[in-house]
Structures are given as structure tokens and as C-alpha cells.
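S.K.: A single structure is presented below for examination.
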Amino acid sequence: MPTVKPVKIITKAFSSFLWVGYVPVAPGTVGSLAGAVVWFVMPYKTIRVRLPVVLLFFLIGLVVAALEEKETNKKDPRNVVIDEVVGMWILFMLIGCMYFKDSIPKTATAFVLFRVFDVAKIPPMRVIEKIHGGLGVMLDDVVAAIYSAIIVNLVFFFL
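For what it's worth, the working numbering labels the leading residue of the sequence shown as 364, then goes sequentially.
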């Protein structure tokens, strides 16, 4: 029986956000939802703590997404959902959501918009997605987060 290298296990664990990305249906949506759940149960609700965590996961995502692309020989493999997780976290920072109970409508709107933008890949996301390696995988979700944050902030500013 072949042995699995620890680096492969760690890569798969991070890239799939602890194997969430291996769900058979809509792994990107499930990954986004998992990211939202973790965001709201994470202790220390300050940007001073959260920002370094998001940056760390973004950097980890760059590496593990690139390794998974190389391993599977596929561009942005379905099981890689760390990009959705980081995208959701960036979105929540940009719209000021730290506590779920205080922002259910905002959170739900943000989640739906993020998924729409992530799937639709409106410009410049298509171009960004074509960037080679982990950077392309991670950046299109950052752009989806920014687009979503702009709309959510505008809508909830005027409500």
C-alpha cells in the first residue's frame, strides 16, 4: 500500500479547509458557508487580531492552491475552497460584520452576493482567474469579496 506524504495531507487539509471541499455538491458554496461559520465562532472579534489571521490564510492559500493545481493537473480544482473561505473573511471585514446575531440580514446578503460574483466571474475576475498558480485561485475571490462589500455597504447605508 502506498504511503501518503505528510506534506500532501497538510496541503489537502488546508486547501479543502479541513476536507470541506470534498463534499460532492457545491463545494464552493459549502466552503463559503464553512468560512462564515468559522468567522463568527472565532474568538477575538477585533480587526487587530482578525486581519493577521486572514493574511496568514491568504498566504497559505497561495501555496496550497498552487500545490493542488500541480497535483491534480487542473486549474482551480473543485476541492480547493480556502479561496472561498478567505474571500468570505475579507468580505466580512469590509462590511464590518464581527457578530452574527447583530447582522443577520447583512451577513445573508453578503453571502449570496459573494456566491453570485464568485460563480458569475464578471470582469476583471475572468482575467484574474487566468493568472497562473495560487495567485489566480485566491485573487478572484478577493475581487468577489470587494464587489460584494461595495454593494452590501451601499444597500445598508441607504436602508
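Glycine is no exception: its CB is placed at the ideal position from the N, C-alpha and C atoms.
#1: In the DSSP assignment, find the alpha helix (DSSP H) that holds SER511 and state where it starts and stops.
#2: Look at ASP481 and GLY391 and say whether their C-beta atoms are less than 8 angstroms apart.
#3: Quick one: give me the first and last residue of the alpha helix (DSSP H) that THR470 is part of.
#4: Note down, in chain order, each residue of its chain lying with its Cβ closer than 7 angstroms to the Cβ of SER493, except the 5 sequence neighbours on either side.
#5: Quick one, are the C-beta atoms of ALA483 and LEU454 less than 8 angstroms apart?
#6: Going by beta-carbon coordinates alone, are PHE477 and MET461 separated by less than 8 angstroms?
#7: Are PHE380 and ILE445 closer than 8 angstroms when you measure CB to CB?
#8: Residues in its own chain within less than 8 angstroms of VAL417 by CB, not counting five upstream and five downstream?
#9: Please determine if the stretch 421-429 and the stretch 371-389 are in contact, where contact requires at least 3 C-beta pairs separated by less than 8 angstroms.
#10: Going by DSSP, what residue range makes up the alpha helix (DSSP H) through ALA399?
M.R.: Quick answer:
#1: 497-521
#2: yes
#3: 467-483
#4: With the sequence shown as reference, residue 493 is identified as Lys, and Ser is not the correct amino acid for it. Around LYS493: GLY499.
#5: no
#6: no
#7: yes
#8: VAL449, TRP452, ILE453 and MET456
#9: yes
#10: 390-404
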